[in-house]
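Q:
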Amino acid sequence: MKQDDVYLVDIWRIFVREWRWFAIGLLIALGAAFAYSLVAKPQWEATAWIQVGQIGPAPVGQDPKVEPFQRVLMRMQTLTFQNDVLKSAGFSIDTPEANLYRKSLKLDPEPYANLIKVTIRARSQEQATQLITATVAQLQDIHRQIEALPLKLAHERLDEIQAELQSALADRDRLQTIALSGNKDDAGSRAVTDSTLTTMLLASKDEAIRALQGAKSELLNRLSPNYTYDTSLPWPVYVPSRQASPNLALTWGAGIFFGFFLGGVAAMLRNAYRRS
6 MKQDDVYLVD
16 IWRIFVREWR
26 WFAIGLLIAL
36 GAAFAYSLVA
46 KPQWEATAWI
56 QVGQIGPAPV
66 GQDPKVEPFQ
76 RVLMRMQTLT
86 FQNDVLKSAG
96 FSIDTPEANL
106 YRKSLKLDPE
116 PYANLIKVTI
126 RARSQEQATQ
136 LITATVAQLQ
146 DIHRQIEALP
156 LKLAHERLDE
166 IQAELQSALA
176 DRDRLQTIAL
186 SGNKDDAGSR
196 AVTDSTLTTM
206 LLASKDEAIR
216 ALQGAKSELL
226 NRLSPNYTYD
236 TSLPWPVYVP
246 SRQASPNLAL
256 TWGAGIFFGF
266 FLGGVAAMLR
276 NAYRRS
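If you read the sequence shown in my numbering, its first letter stands for residue 6, the second for the next number, and so on.
1. Could you check if Y117 is buried or exposed, using at least 16 other CB atoms within 10 Å of its CB as the buried criterion?
2. Comparing alpha-carbon positions, which option in L170, R247, S237 and T233 lies nearest E212?
3. Can you list the alpha helix (DSSP H) stretches of 4 or more residues lying completely in the region 207 to 251, in chain order?
4. If you check the beta carbons only, do V123 and K108 fall under 9 Å apart?
5. For the beta strand (DSSP E) that contains K111, what are its first and last residues?
6. Looking at L163: is its Cβ nearer than 9 Å to the Cβ of L228?
7. Buried or exposed for K70, going by 16 or more other Cβ atoms inside 10 Å?
8. Taking only three categories from DSSP, how would you classify R126?
9. So who's on the other strand from K70, going by DSSP bridges?
10. Do A139 and A94 come within 9 Å of each other at the CB atom, strictly closer than that value?
11. Helix, strand or coil for T52 per DSSP?
12. Indicate the three-state DSSP secondary structure (helix, strand or coil) for Y278 in the structure shown.
13. If you follow the alpha helix (DSSP H) that S97 is part of, which residue opens it and which one closes it?
14. Grab me the residues of E152's own chain with a C-beta within less than 6 Å of its C-beta, minus the 5 sequence neighbours each way, in chain order.
15. Apart from the five residues on each side of it in sequence, which residues of its chain come closer than 7 Å, Cβ to Cβ, to A220?
16. Would G58 be called buried (16 or more neighbouring beta carbons within 10 Å of its own) or exposed?
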């Protein structure tokens, strides 16, 4: 312990003796931090959560999502998709803003929650909001094109079921009318046979009506917003009021840390040189 105390005291004496070199190292680091904070262009970061759309009436065993989750991620990472986003937002694909967008685009998938966290950076808050909104809009346009045909077929099937149900209901009403009129006639052998046949047809028609009503209810349920929805933003785009880069607190903190380190090294080297 005594040796350690003496060693720490010796270091302190070196720093006191070579304080000018320590100060020079500290000032160099602080000057570099100050220059970086002036030269570095400000960047704002925008964050959005994307919910991938779903088609409820998808065949059994097939992924109900408009596009498989992993393929959505791969699509958003392609240069073609990113360039289309930039063009739709009014940016040239060769500008510094475009390069910053492509470089900063990050995707953080949450497949079990059917969510994709998207973050991008831009030169201003407004630009960050514009670019991330354009990213979501581009994906929405693609997914609307993909889901158009399956949804059209589902609605056509619903119309067919509705037409078949109306026809079945009309047939049942007609059979019930025949049965009622038959009951008023004489109870001959032929009348009994016709009545039995009518009853069997009514039972068969009731079973068909129940099946059609079940199919209609199931399809309507699958087309409801709980099972069928577009790709969307469940929450608004978030852009902090403070810029993401340069972070002044972090910059000056790093400058002070490296300043003490550089100053200490300079003081030790100067002391070693003096002693030699």
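For glycine and all other residues, C-beta sits at the position ideal for the given N, C-alpha and C.
A: This is what the structure holds:
1. The residue in question, Y117, is exposed, as its Cβ has fewer than 16 Cβ neighbours within 10 Å.
2. For E212, the nearest C-alpha among the options comes from L170.
3. Here no run is fully enclosed.
4. In this structure, K108 does not lie closer than 9 Å to V123 by Cβ.
5. First-last of the beta strand (DSSP E) with K111: K111 to E115.
6. Yes, Cβ-Cβ distance for L163 and L228 is below 9 Å.
7. Counting Cβ neighbours within 10 Å, K70 comes out buried, since at least 16 surround it.
8. R126 falls in the strand class under three-state DSSP.
9. Beta-bridge pairing links K70 to Q59.
10. Contact: yes.
11. Strand.
12. Of the three classes helix, strand and coil, the one that applies to Y278 here is helix, per DSSP.
13. For S97, there is no enclosing alpha helix (DSSP H), as DSSP gives it neither H nor E.
14. Taken in chain order, the residues that qualify are I60 and V71.
15. Short of 7 Å from the beta carbon of A220, and not among the five residues preceding or following it, lie these beta carbons of its own chain, in chain order: I166.
16. The residue is buried, with at least 16 neighbouring Cβ atoms inside 10 Å.
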